[in-house]
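**Student:**
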Amino acid sequence: MSKVAPTSLGRILLLLGRVALAAVFLVAAYAKLKPQGGMPWSPASVKISLAMFAMQVDSYQMLPVNAVNFVAHALPPFELFLGLWLLSGIALRFSSLITTLLLGGFFSVMVRTFALGLEVSCGCFGPGEQLGTKTLLRDGALLALSLAVFIGAFLIRREPDEVGASVGAVATPRRAD
Amino acid sequence: MNLRRNPISWRFLGSICALFVLALLVLWGQLLAPARAQTQAAASAKQPAKASSKSAPKAAQAEQLGTPNKGVGSPTAPVTMEVFSDYQCPMCGQLFQQTLRPMINDYVASGKVYLIHRDFPLPIADHRFNWDAARWGTAAARIGKFEEVDTALYENARAWGADGNIQKYVASALNPADFKRVQKMVAGCLTQTPQEFRPAVQAGQSCSLDAFINQDIALGKQVPVQATPTYVITKRGQRMPPGSGLVSWPLMKQFLDSLLTQ
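As given, the protein sequences belong to chains E and W, one line each in that order.
As numbered in this note's numbering, residues 2 to 178 make up the first sequence, in order.
As numbered in this note's numbering, residues 27 to 288 make up the second sequence, in order.
(1) Helix, strand or coil for residue 60 (chain E) per DSSP?
(2) Distance, Cα to Cα, residue 162 (chain E) vs residue 62 (chain E)?
(3) Tell me, please, whether the CB atom of residue 80 (chain E) is closer than 9 angstroms to any CB atom in chain W?
(4) Measure how close the beta-carbons of residue 180 (chain W) and residue 113 (chain W) come, nearest whole angstrom, since I'm counting them as under 8 angstroms.
(5) For the 8 angstroms Cβ check, are there 3 or more pairs between the stretch 89-101 of chain E and the stretch 110-125 of chain E?
(6) In angstroms, rounded to a whole number, what distance separates the CA positions of residue 33 (chain E) and residue 80 (chain E)?
(7) Using 9 angstroms as the threshold, is the C-beta distance between residue 158 (chain W) and residue 218 (chain W) below it?
(8) Would the beta-carbon of residue 166 (chain W) fall within 9 angstroms of that of residue 174 (chain W)?
(9) Quick one, which residues of the stretch 191-222 of chain W are near chain E if we go by CB-CB under 9 angstroms, in chain order?
(10) What residues from chain E crowd round residue 278 (chain W), counting only those whose CB sits closer than 7 angstroms?
(11) Please report how far the alpha carbon of residue 171 (chain W) lies from the alpha carbon of residue 206 (chain W), in whole angstroms.
(12) Given that residue 112 (chain E) touches chain W, what residues does it touch there, using C-beta distances under 8 angstroms?
(13) Using a C-beta to C-beta distance shorter than 7 angstroms, which residues of chain E count as neighbours of residue 266 (chain W)?
(14) What residue does the alpha helix (DSSP H) around residue 113 (chain W) start on, and which one ends it?
(15) With 9 angstroms as the threshold, decide whether the Cβ of residue 148 (chain E) is near any Cβ in chain W.
(16) So the candidates are E:18, E:25, E:59 and E:14; which of them puts its Cα closest to the Cα of residue 82 (chain E)?
(17) How is residue 265 (chain W) classed by DSSP in three states: helix, strand or coil?
(18) Mapping DSSP to helix, strand and coil, what is residue 145 (chain W)?
(19) Should residue 58 (chain E) and residue 69 (chain E) be called a contact, given that it needs their Cβ atoms to be closer than 9 angstroms?
(20) To which residues of the same chain is residue 253 (chain W) closer than 7 angstroms at the C-beta, ignoring the five residues directly before and after it?
(21) Give the straight-line distance between the Cα atoms of residue 23 (chain W) and residue 135 (chain E), rounded to the nearest whole angstrom.
(22) Leaving out five residues before and five after residue 30 (chain E) in sequence, what residues of the same chain have Cβ atoms less than 6 angstroms from its Cβ?
(23) Mind checking whether the beta-carbon of residue 150 (chain W) lies closer than 8 angstroms to any heavy atom of the ligand MN?
(24) Using a Cβ-Cβ distance cut-off of 9 angstroms, determine whether residue 96 (chain E) contacts chain W.
(25) Tell me residue 131 (chain E)'s beta-bridge partners as DSSP assigns them.
(26) Run through chain W and tell me which residues come within less than 7 angstroms of residue 59 (chain E), C-beta to C-beta.
(27) Just the Cα atoms here: how many angstroms apart are residue 238 (chain W) and residue 184 (chain W)?
(28) Nearest to residue 178 (chain W) by CA position, among W:262, W:109, W:241 and W:123, is which residue?
(29) For residue 170 (chain W), would you say it is in contact with chain E, using Cβ-to-Cβ distances shorter than 9 angstroms as the test?
(30) Is it buried or exposed for residue 12 (chain E), if we count other Cβ within 10 angstroms and need 16 for buried?
(31) Determine the closest residue to residue 101 (chain E) out of E:152, E:55, E:113 and E:123, with distance taken between C-alpha atoms.
(32) Using the beta-carbon of each residue, which ones in chain W are nearer than 7 angstroms to residue 129 (chain E)?
(33) Leaving out five residues before and five after residue 74 (chain E) in sequence, what residues of the same chain have Cβ atoms less than 7 angstroms from its Cβ?
(34) Using the Cα positions of residue 279 (chain W) and residue 55 (chain E), report the straight-line distance between them to the nearest angstrom.
(35) Have a look at the DSSP bridge pairing and note the partners of residue 270 (chain W).
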């Protein structure tokens, strides 16, 4: 049995990390878009779900009504797009950077809301989940994972150049993953 | 297949993973949504029975007294909104002032929404008079004057929260005859209100209002209410997941409009 090279192990971990992040974003988008109250899938039921998500965004008391509506209607499709982008592995450095920034934004908003003592629905994976220490820990862990994927994507991207420089060979550009 | 040297293979693997996860999500949605709807329907059908079986003696007591009507508007409205609230919770007061009041003036008045108040007094040391306020509200609801007293309680929560003189604001919201009826009901119930603001207790008079408040709390625990205010919106049996916290009226209106046009 051949020994697994450190680079291969890194790539496997990177693959697992980005697939996990992608799954989280796809589930989050699905939970926000899916019809509530046992309604069937239809444009009207998705509109109701988005209107409900807008109320959750509003309960954070950070944005004016227009901005709340923009965020509530743009975020679920963007999460869906980001999840698919992460899964595809295309330009992972950029997708993981955006993911890290997005999760960092979510985390800071949640910490602020928690520190202010506002008792609101998290809205992270659809309605009905209260913001608390559990949701903060989960979001913090996801942020750490996203950061690890981002750093990993850069390190693996740099590896061929470093190897090339050390042996004096011409390095072939490779994909980050 | 050498994945390390072949970027096409990675792309292919990524696409396969994406398709697999998408297929799982679609299946999850298709298979679980109807089952969950059935479970929810069954649960909501069981809820009243469960509540009544849990608090059988309290229910019997409530029956004897007559159930207080804490609803505002027409019970036949297509949308029902239940708000679990604590009269001394500042966010509940804000929700009432900024969102529920315009909703009462517009959607409740036009028969689109039926608003139900549910008492959920929180066990917080600062909220000394929340149970007493709930008792005044419940007593007023028993004589059909809930809306007036509810408004007075929310509007003056800071004032009576400081000294416990709730009856001053209830008296200002009702005519003298109605106030006397309400005062008679709460006599003997008030536990935290300072002595000088409590109505005189006559011999043999006991408090029966707490049974109604406990019924509301039991309903809230089934939701489950984790914070106040928590609101549950139902449209012709389709119960939406509970929401909590402050919501501005334009966004609540947008949600109600999308629900009503569905």
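All C-beta atoms, glycine included, are put in the ideal place defined by N, C-alpha and C.
**Tutor:** Per the coordinate set shown:
(1) The three-state reading of DSSP puts residue 60 (chain E) in helix, counting H, G and I together.
(2) Any answer about residue 162 (chain E) is weak, because its pLDDT of 49 lies below 50 and its placement is not dependable; what the coordinates show is given next. Cα atoms of residue 162 (chain E) and residue 62 (chain E): separation of roughly 48 angstroms, rounded to the nearest angstrom.
(3) Output row for residue 80 (chain E): interface = no.
(4) Residue 113 (chain W) and residue 180 (chain W) do touch by the CB rule: their CB atoms are close to 7 angstroms apart, below 8 angstroms.
(5) With fewer than three CB-CB distances shorter than 8 angstroms, the stretch 89-101 of chain E does not count as touching the stretch 110-125 of chain E.
(6) Per the coordinates, the alpha-carbon of residue 33 (chain E) lies some 10 angstroms from the alpha-carbon of residue 80 (chain E).
(7) When the beta-carbon positions are compared, residue 158 (chain W) and residue 218 (chain W) come within less than 9 angstroms of each other.
(8) Note that the C-beta distance between residue 166 (chain W) and residue 174 (chain W) is below 9 angstroms.
(9) Of all residues in the stretch 191-222 of chain W, none places a beta-carbon less than 9 angstroms from a beta-carbon of chain E.
(10) Those within 7 angstroms of residue 278 (chain W) in chain E are 56.
(11) Using only the alpha carbons, I get a separation of about 13 angstroms.
(12) Within chain W, no residue comes near residue 112 (chain E); the closest Cβ sits about 16 angstroms away, beyond 8 angstroms.
(13) Within chain E, the residues placing a beta-carbon under 7 angstroms from that of residue 266 (chain W) are 37, 38 and 53, ordered along the chain.
(14) Looking at the DSSP string, residue 113 (chain W) is not in any alpha helix (DSSP H), and its letter there is neither H nor E.
(15) It does not: the Cβ of residue 148 (chain E) has no partner Cβ on chain W nearer than 9 angstroms.
(16) Ranking E:18, E:25, E:59 and E:14 by Cα distance to residue 82 (chain E) puts E:25 first.
(17) Strand, per DSSP.
(18) Residue 145 (chain W) carries a strand assignment under DSSP once its states are collapsed to helix, strand and coil.
(19) Yes; because the gap between Cβ atoms is below 9 angstroms, this pair is in contact.
(20) So the qualifying residues of the chain are 270.
(21) This structure cannot speak to residue 23 (chain W), because chain W is shown only from 27 to 288.
(22) Once the five neighbours on either side are set aside, the close Cβ partners of residue 30 (chain E) are 77, 80 and 81.
(23) Looking for the ligand MN in the displayed structure turns up nothing, as the structure carries no ligands at all.
(24) Interface residue (Cβ-Cβ distance to chain W less than 9 angstroms): residue 96 (chain E) is not classified as such.
(25) DSSP, once it has assigned bridges, lists E:122 as partnering residue 131 (chain E).
(26) Ordered by position in chain W, the residues that pass the 7 angstroms Cβ test against residue 59 (chain E) are 273, 274 and 277.
(27) If you take the alpha carbons of residue 238 (chain W) and residue 184 (chain W), they lie about 25 angstroms apart.
(28) The residue with the shortest Cα to Cα distance from residue 178 (chain W) is W:123.
(29) Residue 170 (chain W) does not count as touching chain E.
(30) By the Cβ neighbour-count rule, residue 12 (chain E) is buried, with 16 or more other Cβ atoms within 10 Å of its own.
(31) Nearest option by C-alpha distance: E:152.
(32) At a beta-carbon threshold of 7 angstroms, the residues of chain W lying near residue 129 (chain E) are 267 and 268, ordered along the chain.
(33) The residues are 51.
(34) Using only the alpha carbons, I get a separation of about 11 angstroms.
(35) Note: residue 270 (chain W) sits in a beta bridge opposite W:256.
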